[in-house]
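Residue numbers (full-length UniProt numbering): 1 to 203. Here is the structure we will look at.
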Amino acid sequence: MAKILKIYPDNPQENLINEVIKTLNNGGLIIYPSDTIYALGCNIFDIKAMEKLAQIKKQKLEKSKFSIICNDLSHLSDFTKPIDTSVFRFLKSHLPGPFTFILEANKSLPLAYKGHKTIGIRVPDHSIPQLIVEKLGHPIASTSIRDDDEILEYSTDPELIAEKYDHLVDIVIDSGYGDNIASTIVDLTSGEPEIIRQGKGEI
């Protein structure tokens with residue numbers, strides 16, 4: 001059964017964040033809030049956790065396109081090819097924020113991403129995922145939580161999310177109601193921004 005931790009962005013309790021970190025380091029899956037919607041996350045370097053994430057999404061891991069959640073842009077060179085100064089400035093002017101930026105991947109990607117030509121980078125404007133990544137010491141893999149409801153595309157109520165994913169994840173972070181608009185996906189692989197999906201973020 002998933003453990004529900006009530007953690008709020010204005011005053012995240014360190015002991016609860018540490019519990020989340022321990023779970024991620026032990027291969028656990030978490031549900032966490034962001035500046036857009038609630039999302040599923042795991043340790044990007046734990047292949048078994050990544051496989052579980054893919055199973056929940058009913059996907060094969062090698063076909064999955066999980067975003068990489070960072071707390072700032074310092075991890076970019078770990079996952080992406082060198083980027084132009086103009087692209088970096090563009091990223092810096094929009095992050096943290098409700099965007100997923102598609103960039104060319106390098107050959108040093110974690111095992112679960114091997115063979116991927118591109119990678120989606122997120123830096124949410126939300127203290128909880130930022131703190132998790134900072135304390136973990138590296139980014140996490142992430143995918144959004146969709147709702148079965150035909151009208152409401154994304155789940156917003158953490159209690160209902162906890163019920164649905166009770167036996168699939170280890171921790172659900174309850175930070176109050178989430179948003180129901182996903183991030184804006186922007187492809188930067190050509191050097192010029194191309195909007196793939198219009199979401200919460202405005203370019």
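Each residue gets a CB set at the ideal place from its N, CA and C atoms; glycine is no exception.
Where do the ends of the alpha helix (DSSP H) carrying residue 43 lie? Not the alpha helix (DSSP H): residue 43 falls in the beta strand (DSSP E), residues 39-43.
Simplified DSSP assignment, three categories, for residue 194: In the structure shown, residue 194 sits in a strand (DSSP, three-state: E or B).
Taking C-alpha atoms, which residue in 182, 188, 140 and 201 lies nearest to residue 72? A check of alpha carbon separations from residue 72 across 182, 188, 140 and 201 identifies 140 as the nearest.
Where does residue 137 land, buried or exposed, given buried means 16+ other C-beta within 10 angstroms? exposed
Drop a sphere of 10 angstroms on the beta-carbon of residue 85, count the other beta-carbons inside from all chains shown, and report buried for 16 or more, exposed for fewer. exposed
Inter-residue Cα distance where the pair is residue 203 and residue 189: 16 Å
Closest to residue 191 by CA distance: which of 87, 36, 64 and 28 is it? 87
State the Cα-Cα distance for the pair residue 160 and residue 1, rounded to the nearest angstrom. 14 Å
Nearest by alpha-carbon distance to residue 170: which of 12, 31 and 18 is it? 31
Looking at residue 98: is its Cβ nearer than 8 Å to the Cβ of residue 125? Yes, they are a contact pair.
What are the residues that DSSP puts in a beta bridge with residue 99? 184
Output the distance between the C-alpha atoms of residue 102 and residue 11, rounded to the nearest integer angstrom. 32 Å
Reduced DSSP secondary structure (H/G/I, E/B, other) of residue 8: Residue state, collapsed to three classes: coil.
Straight-line gap, residue 24 to residue 42 (C-alpha atoms, nearest Å): 6 Å
Give the straight-line distance between the Cα atoms of residue 58 and residue 196, rounded to the nearest whole angstrom. 23 Å
Just to confirm, is the Cβ distance from residue 143 to residue 119 under 8 Å? The answer is no: Cβ separation not under 8 Å.
Helix, strand or coil for residue 3 per DSSP? strand
Thinking C-beta only, is residue 100 closer than 8 Å to residue 200? In terms of Cβ geometry, residue 200 and residue 100 do not form a close pair [threshold 8 Å].
Unbroken alpha helix (DSSP H) runs of length 4 or more, entirely within the segment 110-142: which are they? 127-136
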